[in-house]
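Shown next, in structure tokens, is the structure this report addresses.
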Amino acid sequence: MKNLLSIYRDYFQVNNQVPDRTILYHLLVFVLFLFVLGFTVSQVIIYLAG
């Protein structure tokens with residue numbers, strides 16, 4: 102887990118003062134957003150197809 106967080110910090114140039122918990126919360130919110138977006142798009146496609 103620490104290895105993934107260090108890769109994330111290097112890639113997005115996150116400051117070292119930002120705690121790991123904050124990064125994990127942001128990633129969780131981003132994943133939930135993508136899930137809701139995908140679910141909504143699939144429901145619209147099903148509605149338009151029917």
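Taking the working numbering, the leading residue of the sequence shown gets 102, the next gets one more, and so forth. Even glycine gets a Cβ: it sits at the ideal position worked out from N, Cα and C. None of the values given here were measured: they were computed from a predicted structure.
field: Interface flag, Val-137 vs chain D, CB-CB below 7 Å
entry: In summary, chain D is missing from the structure at hand, where a single protein chain is found.
Asn-167 versus Arg-110 - alpha carbon distance: The first residue shown for the chain is 102 and the last is 151, placing residue 167 beyond what the model contains.
message: For Tyr-112 and Asn-104, I'd like the C-alpha separation in whole angstroms.
response: 12 Å
The alpha helix (DSSP H) enclosing Asn-104, as first and last residue numbers: 103 to 113
message: Quick check: the Cα distance between Phe-140 and Arg-122, rounded to an integer number of angstroms?
response: 27 Å
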